[in-house]
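What follows is one structure encoded as structure tokens, with my remarks underneath.
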Amino acid sequence: MASGDGLVVRVRPPGGRLTQAQAAGLAALAEVHGSGVIDLSSRANLQLRGVREGSHAALVEGLRGLGLVDASVAAETRRNIVVTPFADALTDALAAALAEALAAAADLALPGKFGFAVDTGARPVLRSVSADVRIERLGEALLLRADGLDVGRLTSDPVADALALARWFLRKGGGPEGRGRMAALAAR
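At position 60 of the sequence shown (counting the first as 1) the number is 86 in the working numbering, and the numbers step up by one without a gap.
Encoded structure:
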């Protein structure tokens, strides 16, 4: 997207984390193709600022080489996942499985801001972070919760159930057009 200092390029690191090599590579790409400024968004995305239009294609290729770009724009748009900073092996596995399932779910034409939270640490810490479908831990079980509701449903297959909830959102009029959100639909 364009801004006053050039293009802003958003990067959604898989699982909300960067390896040391990805962090160093991202910093180098920001220096070469932009102003060198990298912002952190409230959803743990990174924004490279001041990118020159003539450098955009080379920047995207560099990001692809670092494993920071999805195969398609549509797949990347669907992979809007925020992950607890206190992740464990279960959290990482769920986030990776959800990202893979979303990339494959070409039928999910979700609004651009529609997102998922994997908040399966000892306590939920992402409740104040915007997310439409939430996977949380409840004791030793997993809970699927639609944003805007105080209650959820226990699940043994949180990835499939999260996608089913997103499809329900679309069927009930959440709509791919505009900025529809789960909490607004739940409030109807």
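We treat Cβ as the ideally placed atom computed from N, Cα and C, and that holds for glycine. Small disclaimer: the values here were computed from a predicted structure and weren't measured.
| Among 206, 104 and 185, which residue has its Cα nearest to the Cα of residue 146? | 185
| message | So if DSSP puts residue 73 in a beta bridge, which residue, or which two residues, is it bridged to? | response | 36 and 65
| query | Using the beta-carbon count (16 or more within 10 Å), is residue 111 buried or exposed? | reply | exposed
| query | At which residues does the alpha helix (DSSP H) containing residue 187 begin and terminate? | reply | 184-197
| query | Does DSSP put residue 96 in a helix, a strand or coil? | reply | coil
| Can you tell me whether DSSP reads residue 166 as helix, strand or coil? | coil
| query | Buried or exposed: where does residue 117 fall if 16 or more other Cβ atoms within 10 Å of its Cβ makes it buried? | reply | buried
| Does DSSP classify residue 214 as helix, strand or coil? | coil
| Sufficient close CB pairs (3 or more, under 8 Å) joining the segment 137-151 to the segment 100-115 | yes
| said: By the three-class DSSP mapping on this structure, what secondary structure does residue 177 have? | reply: coil
| Between residue 155 and residue 69, which are expected to be in contact by the criterion C-beta below 8 Å, what is the C-beta distance as a whole number of angstroms? | 7 Å
| Start and end of the alpha helix (DSSP H) containing residue 118? | 115-130
| field | Stretch pair the segment 88-102 + the segment 160-171: three plus CB contacts closer than 8 Å | value | no
| message | Using the Cβ count rule (16 or more neighbours within 10 Å means buried), how would you classify residue 157? | response | buried
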